[in-house]
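Take a look at the structure below.
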């Protein structure tokens, strides 16, 4: 595999870098470094539709050819690529519509996704159907020209912002559970859709419960064939596991760890110069380089015609989540006792709470606790190991 970039790719990287230098507000960079995953949404919606490279990244992702190095430049400039080119639209539902949708769906939804006219959330997990997703019970009954949907989804990220949700629903309860599932696109403004917040251990509100009570969904919102949704879900989850390897985020976090460890002293010595800390940091960097090369191999193998997930995707998800947690632990090593005060960014900015220690210290503990979730989204580490054993090792 040739890891060298072409002249066109190098020019594209510089184009992205220059745009970010010119357009990402300094305040957003500060927030992105300090806090949660969904900061910067207003900037993304205001600017993404006017940038030609945003369209190019979006289309590349839908075709399975997105470049992790391009996304890394977004991380370094303080803006996540998912924020810039629409959240789950480009990264998840867009590729499904592009690959399995009909021409009318492609013509309508894909430009709206790339223009950030629609904000999507994912309706997969349910109470009792998380790792065993195929056991989902949200029911869609076809009545004339529409489906009547009833049920509940949980851990639905960014549902409080979304105007559309893509859902797995059960359309045939009388067959093997994987064979009776369909893939529906549902307007969140439809009567009968209710969103309730879930507050996480880091103090943030990123996930929600979503309830469906006699929600009418037009039959033209069915993607692909009825009862073939499990096939489309596996394709989507492969893409999600690829993106959730978080190579760009982890590389940026390593850079941040080195920067902060050079400022912090213990026993009269910079933390960055201490052998035990450097050994831990180097071990994570080696693991990150290995997963980065694996990610490049997945990209090199991708093509427009590919309708199944790369078998390496669960490896990327498994190791990526472990590395994400390892870098969060290293940041906790850096911040030390200043991690004990537990303030959200909103509390700090309100002026009611003064930071204890350096101003960058207050949100590291919330980020550490948030990283605990990486072991089970999208799909727990145990599930990834089962997939690796079956699909790669043939066990």
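Residue numbers (this note's numbering): 88 to 482.
Every residue, glycine too, gets a C-beta built ideally from N, C-alpha and C.
Reduced DSSP category for residue i - H, G, I as helix; E, B as strand; rest coil
i: residue 367; result: helix
i: residue 342; result: helix
i: residue 240; result: strand
i: residue 317; result: helix
i: residue 265; result: helix
i: residue 423; result: helix
i: residue 235; result: strand
i: residue 300; result: strand
i: residue 252; result: strand
i: residue 295; result: strand
i: residue 273; result: strand
i: residue 443; result: coil
i: residue 230; result: strand
i: residue 353; result: strand
Classification of residue i by the beta-carbon crowding that lies within 10 angstroms, buried from 16 upward
i: residue 93; result: exposed
i: residue 352; result: exposed
i: residue 293; result: buried
i: residue 295; result: buried
i: residue 227; result: buried
i: residue 33; result: Residue numbering for the chain in the displayed model covers 88 to 482; residue 33 lies beyond these limits and cannot be assessed.
i: residue 509; result: With the chain represented from 88 up to 482, any question about residue 509 goes unanswered, as that position is not in the structure.
i: residue 340; result: buried
i: residue 97; result: exposed
i: residue 209; result: buried
i: residue 272; result: buried
i: residue 336; result: buried
i: residue 349; result: exposed
i: residue 122; result: Any answer about residue 122 is weak, because its pLDDT of 49 lies below 50 and its placement is not dependable; what the coordinates show is given next. Buried is the call here.
Integer Cβ distance of residue i from residue j, believed to fall under 8 Å
i: residue 380; j: residue 419; result: Actually they are not in contact, since the Cβ atoms of residue 380 and residue 419 sit about 28 Å apart, beyond 8 Å.
i: residue 250; j: residue 276; result: 7 Å
i: residue 412; j: residue 461; result: 6 Å
i: residue 310; j: residue 192; result: 7 Å
i: residue 345; j: residue 359; result: 6 Å
i: residue 268; j: residue 257; result: 6 Å
i: residue 332; j: residue 386; result: Not quite, the Cβ-Cβ distance comes to about 11 Å (not below 8 Å), so this is no contact.
i: residue 458; j: residue 415; result: 4 Å
i: residue 428; j: residue 410; result: That belief does not hold up - the Cβ atoms of residue 428 and residue 410 are roughly 27 Å apart, past 8 Å.
i: residue 367; j: residue 417; result: 6 Å
Nonlocal neighbours in the same chain, by C-beta distance under 6 Å from residue i, ignoring five residues either side
i: residue 298; result: 239 and 281
i: residue 248; result: 206
i: residue 124; result: In this predicted model, residue 124 has a pLDDT of only 40, less than 50, meaning its place in the structure is not dependable enough to derive any value.
Close Cβ partners of residue i (< 7 Å) along its chain, the five nearest in sequence each way excluded
i: residue 319; result: 183, 187, 270, 310 and 311
i: residue 471; result: 401, 404 and 405
i: residue 279; result: 299, 300, 301 and 302
Cβ-based neighbour list, residue i, same chain, cut-off 8 Å, excluding 5 preceding and 5 following
i: residue 232; result: 305 and 306
Exercise for review: Ignoring anything shorter than 3 residues or poking outside the stretch 196-228, list the beta strand (DSSP E) runs there in chain order.
Suggested key: 207-210
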